[in-house]
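These notes are about the structure you will find just below.
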């Protein structure tokens with residue numbers, strides 16, 4: 001079912017945790033709420049689940065308002081940070097815990113859910129007899145068994161080591177898609193959000209500040225805060241002309257197809273609106289949807305002071321004398337690519353991503369240029 005969260009507010013004493021958070025998840029989509037610790041994302045999840053009351057706003061699952069309902073009447077499945085399986089119950093009995101006992105289809109539904117998460121034949125095992133990744137998949141099967149309208153995943157991969165985390169999240173996404181479930185994942189892990197979700201909602205200081213497809217969030221962040229939080233970025237002081245952005249790396253081409261739509265917040269994220277990659281509406285009176293000139297280079301005029309955000313894959317390492325001069329400090333080889341840390345003659349440190357064989361070694365002199373349009377944000 002579709003999930004619609006509108007202008008939700010929540011305070012604990014004098015501390016305002018949610019300040020008008022809004023989120024829309026289409027039926028069958030997986031949305032990731034991405035934000036740093038303390039931004040309010042877990043509180044938002046708990047409000048959707050019914051574990052916390054709200055001070056204002058609306059939570060709808062399908063066409064039904066659920067804000068005043070207890071958790072058991074909301075039709076919500078939960079996958080917690082740790083699997084939280086009952087240690088004295090078998091895998092099958094854990095999966096069937098939320099199903100009516102004695103119902104004719106109970107056993108069949110348990111088997112169906114175990115097959116859905118790739119654990120057919122594991123029903124008789126005990127939790128201690130399966131791996132941590134398998135336990136998380138059992139927790140997902142348990143959440144899916146009652147056919148909830150929405151599945152909520154509260155940083156479910158945190159307890160897993162990195163190599164296992166990657167494989168388990170792929171399996172969890174595949175299971176959710178096979179089930180056709182609407183799901184919300186809460187995470188602080190940018191890679192996790194970008195790789196798993198159909199939609200990413202970036203949360204900051206109690207608000208969703210941008211919501212859109214992962215590629216749009218990365219390529220067209222609404223402000224410098226989103227640009228530096230979602231993926232790596234080197235930020236340099238710059239000024240914007242009519243057709244170029246000028247910084248210590250030269251005259252660069254500004255990106256012109258940034259986020260459009262509504263952006264009623266200020267550049268520091270203190271407003272109530274969100275920036276979306278769809279729509280053509282104006283924001284703060286500008287025709288191109290820029291939020292105070294801070295959306296991917298839009299809305300800035302000649303001589304505008306600001307910052308440019310450069311992604312690691314935009315840096316090109318060349319022969320000395322081509323572009324800005326620099327000294328290679330470190331080379332990190334990852335197999336599929338490499339990261340090269342370079343200190344420019346100005347003292348600025350950049351981190352470039354390169355593919356294939358890396359001819360550079362620490363101590364080498366290189367030239368640095370920038371490839372492709374760049375993100376400019378006005379001060």
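Residue numbers (UniProt numbering): 1 to 379. Ideal placement from N, C-alpha and C gives every residue a C-beta, glycine not left out.
DSSP places residue 208 in the strand class (E or B) of the three-state scheme. Listed in chain order, the alpha helix (DSSP H) runs fully inside the segment 106-150 are 106-116, 132-144, counting runs of at least 4 residues. Taking the Cα positions, residue 58 is about 6 Å away from residue 5.
Put simply, the backbone Cα of residue 80 is about 18 Å away from that of residue 128. When only Cα atoms are considered, residue 152 and residue 244 end up about 44 Å apart.
Distance from the Cα of residue 25 is smallest, within the candidate group 146, 197, 71, 161, for 197.
If you check the CB distance, residue 22 and residue 8 come in under 9 Å. Beta-bridge analysis with DSSP links residue 24 to 4. Secondary structure note for residue 229: its alpha helix (DSSP H) is the uninterrupted segment 224-229.
Taking a C-beta distance under 9 Å as the contact criterion, residue 191 and residue 200 do not qualify as a contact pair. Here the alpha carbons of residue 236 and residue 307 stand approximately 6 Å from one another. The beta carbon of residue 366 sits closer than 7 Å to those of 317, 318, 320, 326, 328, 342, 360, all from its chain and outside the five residues before and after it, given in chain order. Per DSSP, the continuous beta strand (DSSP E) segment holding residue 337 begins and ends at 337-344. Burial of residue 223 is indicated by the presence of at least 16 other C-beta atoms within 10 angstroms of its C-beta. By the 16-neighbour rule on beta-carbons within 10 angstroms, residue 43 is buried. In chain order, 367 place their CB closer than 6 Å to the CB of residue 322, counting only its own chain and leaving out the 5 sequence neighbours on each side.
Taking a C-beta distance under 9 Å as the contact criterion, residue 96 and residue 1 do not qualify as a contact pair. In this structure, residue 90 places its C-beta atom within 9 Å of the C-beta atom of residue 123. Here residue 305 is bridged, per DSSP, to 239. By the Cβ test, the segment 69-80 is in contact with the segment 128-142, since at least three Cβ pairs between them sit closer than 8 Å.
Look at residue 11 here: in three-state DSSP terms it is strand. No Cβ-Cβ contact shorter than 9 Å links residue 231 with residue 40. Its Cα nearest to that of residue 150, the residue 183 stands out among 183, 163, 162, 159. Beta-bridge partners of residue 359 (DSSP): none assigned. For residue 58, the beta-bridge partners assigned by DSSP are 6.
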